[in-house]
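J.: This is the structure I have questions about; it appears just below.
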Amino acid sequence: MADLSALFDPRGIIITGVSNHPGKFGFVTLHNILASGYEGQVFPIAREPGEVLGLDVLGSIDDVPDGAADMVFICTPPAINEGLLRQAAAKGVTAAFCAAGGYREAGQEGVEAEERLVDVCNELGIALAGPNGQGVVSTPAKMCAQIVAPYAPPGKIAIASQSGNFVSSFLNLANHTGVGVSRAVAAGNASVLGIADYLEYFTNDPETAVSLVYIESVEDGREMFERVRPLSQRKPIVVVKGGASAAGARAAASHTGALASDDAVFDGMCHQAGLIRARDVEEAFEAAATFASQPLPSGDRVVVVTTVGGWGVAAVDAMADTRLDPTPLPGDLLAAIDAKLPPRWSKNNPIDMAGGETRDTVPEILQLVAEHPDVDGVVLLGTGIQSNTAAMMRRGPFFPEHGLERIVGFHERQDTRYAEAATEISAATGTPIMVATELATTDPSNPAPASRRAAGQLCHASAGRAIRSLHHLAGYAAWRSARGL
Amino acid sequence: MHVGSIWARHLAVPTSLRDTTHGVSITLSEAESRRVVAGYGVPVSPFVTGTSADEVLAAVDSDATVTYPVVAKLCGRAIAHKTERGLVRLRIADADSLRTACDELLGKAVPEDGDVEVLVSSMVDGNRELIAGLNDDPQFGMTVMVGVGGILAEAIRDVSFRLAPISEVDAAEMLDDLATQRLFDEFRGEPKADRAAIIDALVALARVGAEEVGLRSADLNPLILVDGKPMAVDALLEIDSNG
Chain A
89 MADLSALFDP RGIIITGVSN HPGKFGFVTL HNILASGYEG QVFPIAREPG EVLGLDVLGS
149 IDDVPDGAAD MVFICTPPAI NEGLLRQAAA KGVTAAFCAA GGYREAGQEG VEAEERLVDV
209 CNELGIALAG PNGQGVVSTP AKMCAQIVAP YAPPGKIAIA SQSGNFVSSF LNLANHTGVG
269 VSRAVAAGNA SVLGIADYLE YFTNDPETAV SLVYIESVED GREMFERVRP LSQRKPIVVV
329 KGGASAAGAR AAASHTGALA SDDAVFDGMC HQAGLIRARD VEEAFEAAAT FASQPLPSGD
389 RVVVVTTVGG WGVAAVDAMA DTRLDPTPLP GDLLAAIDAK LPPRWSKNNP IDMAGGETRD
449 TVPEILQLVA EHPDVDGVVL LGTGIQSNTA AMMRRGPFFP EHGLERIVGF HERQDTRYAE
509 AATEISAATG TPIMVATELA TTDPSNPAPA SRRAAGQLCH ASAGRAIRSL HHLAGYAAWR
569 SARGL
Chain B
2 MHVGSIWARH LAVPTSLRDT THGVSITLSE AESRRVVAGY GVPVSPFVTG TSADEVLAAV
62 DSDATVTYPV VAKLCGRAIA HKTERGLVRL RIADADSLRT ACDELLGKAV PEDGDVEVLV
122 SSMVDGNREL IAGLNDDPQF GMTVMVGVGG ILAEAIRDVS FRLAPISEVD AAEMLDDLAT
182 QRLFDEFRGE PKADRAAIID ALVALARVGA EEVGLRSADL NPLILVDGKP MAVDALLEID
242 SNG
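Structural data, given as structure tokens:
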């Protein structure tokens, strides 16, 4: 297995092709590495020495002190890169991210250039990422070595993608939700390092709790299967596949062959290998964010807790095409809840509190439900509505008179409290508690989503999306348990 | 029984298929296909074969597992789709009717069919039909499939694949993948499906795929649930023609 530590935790970085034009890849990469707070030494290289972003630009890699950098980020054209790699190796570089294009994606000449690039890296013992990739991000190293934005908050999700665009998408979602990232890499042409290599690194990486991958093509599916199956036993791997809807139209002599669409076979491989397959990029990120921040459920039985009606019904409906089971409330749990709520509550799952909650009701009911041995997961809906009312009062013409200031403060404290209770009770009971409200997107400043975010917990934008995430957690838990893991 | 020997003996048989991604393949006869999968423990309905009516009747008489009513089919290497050509006779009640059926079926053979024989097996009773199969996938290698079967299998497309070989846990999860779970409950007076027996059949079928070199695909369609237990009443294996 290649040692990728110099790629994700370099002690110093050489950047080739740096120019003082802020539209060029070399400039942007240097900017992003510095802007993300990278603390190692950075050595910009250009044909003409000078100064860029306050750093001295060196005219040659030969001017870099021996051993000062172990990673090179390449923004120079193919014709000169083999020579640059030799110079870099002489200085102690053991990893390269080649952002430069002009390789396999650029026709026959590019194919040959890529073969030479691979040969020289193999000869020099350099781990090669790319070429033709957008870069690598590593929050433990405070490093955004990318030719594009964004950086992301630190966290436990590690990302590898066959499309750089989706690295950006995942990082944007990390910024939006506040559930952060450990590492992210665009595989580019993946001429040496591919998805399986990155997954091996992530699985051994103490900074990573869950891997998240975007795949478009699988060249040797059997090899990938054999390599990832032992990894998913150790940490969850969430997969989203592009091109999944394209039917594998093959001339088939058998019914089985005619039924073997690419998607059906890929899907079966995922189930067998314990890969968690999401339907789209948002679902994939949210599943990964939930794996990164919640305990695994021990089964499929889910109780929905909602402040008022319709949301709970929709959540139960959303379970229909998942493995989750909206379990009937056990008698003892029903009795315990009945003692806390006015008689109009639903007396059923979903637990519709029918607006009957007082100051402590939501945390108390969450505790009762989450600690019950016959409940494996909880979905909490309807938080944020008090603060939403408060927001209208705060912005209206009567604030802060007429007692509005006091009630606004109360509402906002309550929603903060509910969010905190969900995190604390989940951690204490080992039962995952999803929180969902569309306020996560419509008003992220609302204390309900804002408090989730502050706790590093995902606030799902709808009950249906929360259910999908919980479905993936339960599926992975079942896969593990069926194999005695 | 090892398939390799069967492959080798019959390379002179005319090729029946041309697969655009793989080059040329041939299909084994139903009898050969049944023997291969049965050798791995895949349950198939009891059967005998013969190349004349006399031979067939003698074989039925001497095999207590084949009981009337029976089904008779003309089978051979080059005959992949028997139903379409009217080469299947169902619900044959006695020896006289079987003799007539054998003569008729053998009379339908054309020179392009090559070597042919009549396969006779007991009619089995069951309303629920699964399909199981193998397919050598260009990306993932040998795969095993189970699905809701019979003539509607390709229309329903309720199937689940795995990479061969598989464990019992994998096979159980394949069944869980199917959307039509009610098929496995008690059904029209028939008992609940014996999931363990289906799992055993799938594990055995996947072993065929993993261990037999040169195999391209296999269809067990239908795999009928008889008193809840799976039994293949047709089998078709496709192999590389170049060995």
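Top line first, the protein sequences correspond to chains A and B. Mapping of the first sequence onto the working numbering: residues 89 to 573, in sequence order. Mapping of the second sequence onto the working numbering: residues 2 to 244, in sequence order. Virtual Cβ for every residue (Gly too), placed ideally from N, Cα, C.
Can you pull the chain C residues whose beta carbon is under 9 Å from the beta carbon of T84/B, in chain order?
T.: Judged by its chain identifiers, the structure shown contains no chain C, and its protein chains are A and B.
J.: Look at the alpha carbon of L176/B and the alpha carbon of I162/A, and state the distance between them as a whole number of angstroms.
T.: Here residue 176/B corresponds to residue number 175 of the second sequence, with the count starting at 1. Here residue 162/A corresponds to residue number 74 of the first sequence, with the count starting at 1. Going by the C-alpha atoms only, they are around 50 Å apart.
J.: Does the distance from the CB of V125/B to the CB of L75/B come in under 9 Å?
T.: Within the second sequence, numbered from 1, the residue matching residue 125/B stands at position 124. Within the second sequence, numbered from 1, the residue matching residue 75/B stands at position 74. In this structure, L75/B does not lie closer than 9 Å to V125/B by Cβ.
J.: Relative to chain B, which residues along the region 353-368 of chain A have a C-beta separation below 9 Å, given in chain order?
T.: Going along the region 353-368 of chain A in chain order, one finds V353, F354, D355, G356, M357, H359, Q360 and A361 with a Cβ nearer than 9 Å to chain B.
J.: Could you check if I102/A is buried or exposed, using at least 16 other CB atoms within 10 Å of its CB as the buried criterion?
T.: By one-based count along the first sequence, residue 102/A stands at place 14. With 16 or more other Cβ atoms within 10 Å, it is buried.
J.: For M124/B, which three-state DSSP category applies?
T.: Translated into the one-based positions of the second sequence, residue 124/B becomes position 123. Three-state DSSP puts M124/B in coil, outside helix and strand.
J.: Against F185/B, what residues of chain A qualify as contacts under a CB-to-CB distance less than 7 Å, listed in chain order?
T.: As a working note, residue 185/B is residue 184 in the second sequence. Those do not exist, as F185/B stays about 16 Å from chain A at its closest Cβ, beyond 7 Å.
J.: Out of curiosity, what's the CA-to-CA distance linking V392/A and A207/B?
T.: Walking along the first sequence from the start, residue 392/A turns up at place 304. Walking along the second sequence from the start, residue 207/B turns up at place 206. Between V392/A and A207/B, the C-alpha separation is close to 41 Å.
J.: Check each candidate in N263/A, I133/A and S279/A and name the one with the smallest Cα separation from Q250/A.
T.: The sequence position of residue 250/A within the first sequence is 162, counting from 1. When each option's Cα is compared against that of Q250/A, the closest is S279/A.
J.: Within the continuous beta strand (DSSP E) that includes I325/A, where are the two ends?
T.: Translated into positions along the first sequence, residue 325/A becomes position 237. It spans I325 to K329 - the beta strand (DSSP E) in which I325/A sits, taken as one unbroken run.
J.: Counting only beta-carbon separations shorter than 9 Å, does D201/B have a partner in chain A?
T.: One-based indexing of the second sequence puts residue 201/B at position 200. So, not an interface residue.
J.: Where does V306/A fall in DSSP's three states?
T.: Mapped onto the first sequence, residue 306/A falls at position 218. The answer is coil: DSSP assigns V306/A none of H, G, I, E or B.
J.: Would you please state the rounded distance, in angstroms, between the beta carbons of S168/B and G148/B? I believe it to be under 8 Å.
T.: Along the second sequence, read from residue 1 onward, the residue named residue 168/B stands at position 167. Along the second sequence, read from residue 1 onward, the residue named residue 148/B stands at position 147. Actually they are not in contact, since the Cβ atoms of S168/B and G148/B sit about 19 Å apart, beyond 8 Å.
J.: Of all the CB atoms in chain B, is at least one closer than 9 Å to the CB of G345/A?
T.: Within the first sequence, the letter at position 257 stands for residue 345/A. Yes, contact with chain B.
J.: What does the alpha-carbon distance come out to for the pair Y302/A and G330/A?
T.: As a working note, residue 302/A is residue 214 in the first sequence. As a working note, residue 330/A is residue 242 in the first sequence. Roughly 7 Å between the two C-alpha positions.
J.: Let me know the secondary structure DSSP gives V149/B once reduced to three states.
T.: Residue numbering aside, residue 149/B sits at position 148 when the second sequence is read from its first letter. DSSP places V149/B in strand when its eight states are reduced to three.
J.: Would you kindly check if the distance between the Cβ of R163/B and the Cβ of A154/B is under 9 Å?
T.: Taking the first residue of the second sequence as 1, we reach residue 154/B at position 153. Taking the first residue of the second sequence as 1, we reach residue 163/B at position 162. Result no, Cβ atoms of A154/B and R163/B do not sit closer than 9 Å.
J.: Kindly identify the DSSP beta-bridge partner or partners of F131/A.
T.: Indexing the first sequence from 1 puts residue 131/A at position 43. Answer by DSSP bridge pairing, in chain order: I102/A.
J.: Residues of the region 297-313 of chain A with a CB closer than 8 Å to any CB of chain B: list them in chain order, please.
T.: Of all residues in the region 297-313 of chain A, V306, E307, D308, G309, R310 and F313 have a Cβ within less than 8 Å of some Cβ in chain B.
J.: Quick check on D464/A - is its C-beta less than 9 Å from some C-beta in chain B?
T.: Sequence index remark: in the first sequence, residue 464/A carries index 376 (1-based). Output row for D464/A: interface = no.
J.: What does a CB cutoff of less than 8 Å around P416/A pick up in its chain, not counting 5 residues either side in sequence?
T.: Locating residue 416/A in the first sequence gives position 328, where the first residue counts as 1. Taken in chain order, the residues that qualify are N436 and N437.
J.: Is it right to say F96/A is buried, meaning 16 or more other beta carbons lie within 10 angstroms of its own, or is it exposed?
T.: For the purposes of this step, residue 96/A is identified with residue 8 of the first sequence, where counting begins at 1. Answer is buried; the Cβ neighbour count reaches 16.
J.: Run down chain B in chain order and give the residues with a C-beta less than 7 Å from the C-beta of A272/A.
T.: On the first sequence, residue 272/A is found 184 positions in, with the first residue counted as 1. Those within 7 Å of A272/A in chain B number zero; the least Cβ separation is about 26 Å.
J.: Specify the secondary structure class of P215/A as computed by DSSP and reduced to three states.
T.: Taking the first residue of the first sequence as position 1, residue 215/A is located at position 127. Before going further, note that residue 215/A is Ala rather than Pro in the sequence given. Reduced to three states, the DSSP call for A215/A is strand.
J.: Once the 5 residues before and after V404/A are set aside, which same chain residues still bring their CB inside 8 Å of it?
T.: Here residue 404/A refers to the residue found at position 316 when the first sequence is read from its first residue. Closer than 8 Å at the Cβ level, and outside the excluded window around V404/A, lie V392, P414, N437 and P438.
J.: From the DSSP output, in three-state form, read off L92/A for me.
T.: Translated into positions along the first sequence, residue 92/A becomes position 4. If DSSP states are grouped into helix, strand and coil, L92/A belongs with coil.
J.: Listing by chain order, which chain A residues have their CB less than 8 Å from the CB of Q140/B?
T.: Here residue 140/B refers to the residue found at position 139 of the second sequence. The contacting residues are V306, E307, D308, G309, R310, D350 and V353.
J.: Leaving out five residues before and five after T291/A in sequence, what residues of the same chain have Cβ atoms less than 6 Å from its Cβ?
T.: In the first sequence, residue 291/A corresponds to position 203, counting from 1. L319, R322 and K323, listed in sequence order.
J.: Give me the subset of the region 113-133 of chain B whose CB atoms are less than 7 Å from a CB atom of chain A, sorted by chain position.
T.: Result list: I132.
J.: For H548/A, which three-state DSSP category applies?
T.: Within the first sequence, residue 548/A is the residue found at index 460, counting from 1. Reduced to three states, the DSSP call for H548/A is strand.
J.: With a Cβ-Cβ cutoff of 9 Å, do L135/B and G210/B count as a contact?
T.: Indexing the second sequence from 1 puts residue 135/B at position 134. Indexing the second sequence from 1 puts residue 210/B at position 209. Closer than 9 Å, so yes.
J.: Return the chain-ordered ranges of every alpha helix (DSSP H) run that is complete within the region 68-114 of chain B and spans a minimum of 4 residues.
T.: Fully enclosed alpha helix (DSSP H) runs of 4 or longer: 96-109.
J.: Using the beta-carbon of each residue, which ones in chain B are nearer than 8 Å to R571/A?
T.: Counting from one through the first sequence, the residue named residue 571/A turns up at place 483. Within 8 Å Cβ-Cβ: V170.
J.: Please name the residues in the region 162-189 of chain A whose beta-carbon is closer than 9 Å to at least one beta-carbon of chain B, in chain order.
T.: Cβ contacts with chain B: none found.
J.: Determine the burial state of G155/A: buried for a count of at least 16 other Cβ atoms within 10 Å of its Cβ, exposed for fewer.
T.: To locate residue 155/A, count along the first sequence from 1; it is residue 67. It is exposed - the Cβ of G155/A has fewer than 16 other Cβ atoms within 10 Å.
J.: Where does C186/A sit, in a helix, a strand or coil, going by DSSP?
T.: Position 98 of the first sequence holds residue 186/A. Strand, per DSSP.
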